[in-house]
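Trainee: According to full-length UniProt numbering, the sequence shown holds residues 1 to 614 in order. All C-beta atoms in this analysis are idealised placements derived from N, C-alpha and C, irrespective of residue type, glycine included. Given the structure is predicted, the values throughout are model-derived calculations rather than measurements. Quick one: the structure is below, questions incoming.
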Amino acid sequence: MAAVYLQEQGFEEYARARRLSEEESRQDPETEPYRSKYKARELLLGLSEALKGFLDESQAEENVELTLQLGEVFLHLGSNFSDTEEVPTGEKYFSRCADLLQGHKLDQRCVNTILTCLNQLGILWVSRSEPEKALEMLQEAEELYKIYMHNVGQPPLQLHELLSPDPFGSPKSRLAEFEKTHTLTLYYLAQTYPKLGDNEKSAAYCHLTLSRQLQSGNYQPLDWATNCATLSQYYITRDNFTQGRHCLASASCVMSQVPEPCDEVEDGENETGREKLERRRADIARCWLKYCLVMLQESRQALMDDIGEMDRTKQKDLAEGRAVASSNGSHNDDKQEKPEDPENPAGADGPARHHGDEKSLLRFESLELTLEDQVTDRKVTDFDQARGVFLVGQKYVNAAKQFYVLDGHVTDFVEITQDWSQLFRALSFFEQDFERRCKMHKRRVDMLQSLLSELNQQHYLLVCRQIMYEIAETFSEMLDLKVAIAETGDERPTIHAVKKINTLAQQSIGHYQMFLDSLRNADKEMPKTFNEDTVRPALVAHFCVGRLYSKFLTSDPQLKLQNMSKSLDHYQYLVDYCTSHPDITAAVQSELEICTEMSQLLPIQMEKIRLTLT
């Protein structure tokens, strides 16, 4: 009876439900977006009721076949309800599918159905902000794949074959779909682990997903390249520049294979294919920029002494480390943390490890990656090496700005400009000529002031505050350099040098004051209590302004007294604020100690000057 029903009616109704869901639903009007999905649901519900009725009447052997078919219908009902935003009902059908097929996990006819069902449950629980439950489902799917491949190994049926009058899958197509389902499991695991605070496992699963997609050829180049470039940022933050660079070179290689798209807006998109491609290219350029910036910043940090200058001993040690690494053929002088192969954790039973050593697991061997040679993956130790990294970074600044222009992409344009400024700052550390270092900071000031003048402070207040603060810091750095230059000679600073120092001090103070004024309320009054995001920057700004007033060079005792009085005001402000807000003391501990000391010393020094005037 069941076989006759399926041949005469059931298979056709299922095929009709598929056409409604997969094809006709695309043409549904906006006023009835789920019209075809609802029609498909009615057919699936009717089919499920019929199969349940036949199950009660069937013999044992036929019973298994009907059970597997009903399980797949439950799977598609779960997807149908989820697609129409009826997630609780969708979950019910996914769970019914999993429960019904529990005893048939290694059956060649339904293992792909079970993996798909577990994947869907994983997605569902992640969307409900319950990553623990999602992980449980996805790990079950991952383990089932391994057990099936180890114990059975035969390509399982594709989805829909059980509900078709004739098998349509070849061994090759069946295996390809099964592997694709498993790749999706790994992809969902990569998305789930960050929600559990395990970014390392997420990166490992992401890398494995990308590798499998590349090997199978089943991927969208644009998405693959973007995901690979995004993965690079994780490795960079873990000081693994070798792997970060490899991911970026791989992303650029695959991106270069993307054909030029048309200028039409695709369905479901809000930009043309060309715009999407240009945006993704710019995003990858920004990832390269971040690589170069972090490389210079980490190199600076590794070489810096207690006062922020080059430590010659550290420089020598790092240079020797580079030389040893190069002679050994190593990609990186630092000890790299290699993510564990999630398919084969150390000591676990399972399929054989990939051929090659552990490093080969982390490389996309099929790609031609000449771009890796454009920039080092080892920390730099001198100006020439740093300049090489800087120039690559600056190239990608210009590439990113081809798409992210100020008009229409304000936030992105600002972030790129800020990174460019920081690129100059990081390079300046390696420049031992203070005059040339000043010129680098002047480039930063010029680009940031130009940007600030283009922004509407009312609409982009937070961004403007960041820029004001950075300009103030940059003028202060230039001031310190000019003072150091003036102090190197035996003679007193020239009038020109004094004027330059005082001008830089005033410019820095002016931008710190602009930042502080931006914190005033609607009545133009400074808040008695700063919010959590602004309290430290505000107090440090007062500290810096107090310090800057002490940097003015003048032979006029009255002017000196005025500057000292202003310094005292700003130091005392920080002390008083911390007294009335003791909970904030830890955030500005070092500044508070200096301000407390200066608020006691300055009145004494000022009194001595006054005595000389009487």
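1) Which two residues bound the contiguous alpha helix (DSSP H) that contains residue 624?
2) Please go through the region 135-164 and give each complete beta strand (DSSP E) segment of 3 or more residues, from N-terminal end onward.
3) Helix, strand or coil for Met-468, going by three-state DSSP, please let me know.
4) Looking at Lys-211: is its Cβ nearer than 8 Å to the Cβ of Phe-390?
5) Distance, Cα to Cα, Glu-260 vs Glu-32?
6) Note down the Cα distance separating Leu-611 from Leu-602, rounded to an integer number of angstroms.
7) Inspect the beta-carbon positions of His-441 and Thr-474 and report whether they are closer than 8 Å.
8) For Met-526, count neighbouring C-beta atoms within 10 Å of its own C-beta (all shown protein chains included) and say buried if the count is 16 or more, exposed if not.
9) For Val-258, which residues of its own chain have a beta-carbon under 7 Å away from its beta-carbon, when the five flanking residues on both sides are left out?
10) Taking just the CA atoms, how far does Phe-530 sit from Arg-77?
11) Which runs of the alpha helix (DSSP H) spanning at least 4 residues fall entirely within the region 369-406, listed in chain order?
12) Just to confirm the assignment: which complete alpha helix (DSSP H) runs, minimum length 4, are found wholly within the region 195-256?
13) Straight-line CA distance for Arg-378 to Glu-91?
14) Which residue or residues does DSSP assign as beta-bridge partners of Met-310?
15) How would you label His-542, buried or exposed, when you count the other beta carbons within 10 angstroms and need 16 or more for buried?
16) Kindly give me the distance between the Cβ atoms of Phe-11 and Ser-164, rounded to whole angstroms, as I take these residues to be in contact under 8 Å.
17) Would you tell me roughly how many angstroms separate the C-alpha atoms of Tyr-14 and Lys-172, rounded to the nearest one?
18) Could you tell me whether the Cβ atoms of Glu-372 and His-246 are closer together than 8 Å?
19) Just mark residue 657 as buried or exposed, buried being the case when its beta carbon has 16 or more other beta carbons within 10 Å.
20) By alpha-carbon positions, which one of Val-405, Ser-82, Gln-600 ends up nearest to Lys-37?
21) Do you know offhand how far Ser-565's Cα is from Leu-452's?
22) Going by alpha carbons, who is nearest to Tyr-188 out of Ile-114, Ser-202, Arg-96?
23) Cα separation between Val-483 and Ile-501?
24) Count the other C-beta atoms from every protein chain shown that fall within 10 angstroms of the C-beta of Glu-435, then say buried if there are 16 or more, exposed otherwise.
25) Quick one: residues in its chain with C-beta nearer than 8 Å to the C-beta of Val-126, no 5 flanking neighbours on either side, listed in chain order?
26) Mapping the DSSP letters down to three states, classify Glu-487 as helix, strand or coil.
27) Excluding the five sequence neighbours on either side, which residues of its own chain have a C-beta within less than 6 Å of the C-beta of Leu-186, listed in chain order?
28) Where in the region 111-135 do unbroken runs of the alpha helix (DSSP H), each at least 4 residues long, occur, reported from the N-terminal end onward?
29) Is DSSP giving Asn-563 helix, strand or coil here?
30) Tell me, to the nearest whole angstrom, how far the beta carbon of Pro-557 is from that of Leu-592; I am working on the premise that it is less than 8 Å.
31) Give the range of the alpha helix (DSSP H) segment to which Asp-446 is assigned.
32) Is it buried or exposed for Asp-576, if we count other Cβ within 10 angstroms and need 16 for buried?
33) Short check: CB of Leu-479 to CB of Leu-504, under 8 Å?
34) According to the neighbour-count rule (16 or more other Cβ atoms, all chains shown, within 10 Å of its Cβ), is Met-295 buried or exposed?
Mentor: Taking the definition as stated:
1) Absent from the model: residue 624. The displayed extent of the chain is 1 to 614, so no value can be given.
2) none
3) helix
4) For the sequence presented, residue 211 should be read as Ser rather than Lys. No; because the gap between Cβ atoms is not below 8 Å, this pair is not in contact.
5) 35 Å
6) 14 Å
7) yes
8) exposed
9) Pro-221, Leu-222, Leu-277
10) The sequence shown places Leu at residue 77, rather than the Arg named in the question. Taking the straight line from one Cα to the other gives about 54 Å.
11) 383-401
12) 199-216, 221-237, 241-255
13) 49 Å
14) Met-304
15) buried
16) 6 Å
17) 25 Å
18) yes
19) No statement about residue 657 is possible, as the shown extent of the chain runs from 1 to 614 and does not include it.
20) Ser-82
21) 31 Å
22) Ser-202
23) 7 Å
24) exposed
25) Ala-134, Tyr-188, Gln-191, Thr-192, Lys-195
26) helix
27) Tyr-205, Leu-208, Thr-209
28) 111-127
29) helix
30) Rounded, the Cβ-Cβ distance is 30 Å, inconsistent with contact.
31) 434-454
32) exposed
33) yes
34) buried
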